[in-house]
Amino acid sequence: MSNPLRDYFMYAVLETGSKQYRVAAGDTIEIERLEVEAGSAHTFDRVLLVNKDGKVSVGAPTLAGATVAADVVSHIRGDKKITFKMKRRKGYHKTIGHRQELTVVKITAIHA
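Counting along the sequence shown from 1, when you hit position 69 you're at 64 in the working numbering, and nothing is skipped either side.
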């Protein structure tokens, strides 16, 4: 996924769902569920960093006026995570499963 030539193009670091993602135009990423219908557009305004041809702009904490435009492709569920709890010699054991709700978005443009 990492392409050394990608460092010379424009990319941004955005924050959504308490996680940070490094994105460039044309990237497809899976993020935590957004309350947006599939097929519609969404704009991320919490942009932390923008690199435009080697010129880096860092926000404190975000860049004013910087946005990342994306199209919502679909809503999916992530892989199942299994948690097993046990206390030895007590007869206690418990299995818990979880699947995270995710949204697949395609980055269309970065506006700095």
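Note that beta-carbon positions come from the ideal geometry of N, C-alpha and C, so glycine has one too. Just so it is clear, the structure is predicted and the values come from calculations on it, not from any experiment.
Could you tell me the distance, in whole angstroms, from the CA atom of F39 to the CA atom of V63?
Numbered from its first residue, the sequence shown carries residue 39 at position 44. Numbered from its first residue, the sequence shown carries residue 63 at position 68. Cα-Cα distance, rounded: 5 Å.
Does the distance from the C-beta atom of V45 to that of V8 stay below 9 Å?
The residue given as residue 45 occupies position 50 in the sequence shown. The residue given as residue 8 occupies position 13 in the sequence shown. Going by C-beta atoms, V45 is nearer than 9 Å to V8.
Going by DSSP, what residue range makes up the beta strand (DSSP E) through T57?
Reading the sequence shown from its first residue, position 62 is the one you call residue 57. It is not in any beta strand (DSSP E) - T57 carries neither H nor E in the DSSP assignment.
According to the Cβ coordinates, are A33 and A104 closer than 9 Å?
Indexing the sequence shown from 1 puts residue 33 at position 38. Indexing the sequence shown from 1 puts residue 104 at position 109. No, Cβ-Cβ distance for A33 and A104 is not below 9 Å.
When you compare the CB positions of K61 and H106, do they come within less than 9 Å of one another, or not?
Locating residue 61 in the sequence shown gives position 66, counting from the first residue. Locating residue 106 in the sequence shown gives position 111, counting from the first residue. Residue 61 is actually Ala in this sequence, not Lys. Cβ distance < 9 Å, so A61 and H106 count as in contact.
If L43 sits next to E10, beta carbons under 8 Å apart, how far is it from one beta carbon to the other, in whole angstroms?
The count along the sequence shown starts at 1 and reaches residue 43 at position 48. The count along the sequence shown starts at 1 and reaches residue 10 at position 15. Right, the Cβ-Cβ distance comes to about 6 Å (below 8 Å), so this counts as a contact.
List the endpoints of the continuous beta strand (DSSP E) containing F4.
As a first step, residue 4 is located in the sequence shown; it is residue number 9 there, counting from the start. From DSSP, F4 is part of no beta strand (DSSP E); its letter is neither H nor E.
Which residue comes first and which comes last in the beta strand (DSSP E) that contains L43?
Here residue 43 refers to the residue found at position 48 when the sequence shown is read from its first residue. Segment 42 to 47, the beta strand (DSSP E) holding L43.
Would you tell me roughly how many angstroms separate the C-alpha atoms of T98 and T78, rounded to the nearest one?
The count along the sequence shown starts at 1 and reaches residue 98 at position 103. The count along the sequence shown starts at 1 and reaches residue 78 at position 83. Spanning the two alpha carbons is a distance of roughly 24 Å.
Report all residues from its chain with a CB closer than 8 Å to the CB of R72; omit the five preceding and five following residues, and keep chain order.
Indexing the sequence shown from 1 puts residue 72 at position 77. So the qualifying residues of the chain are R94, Q95, E96, L97.
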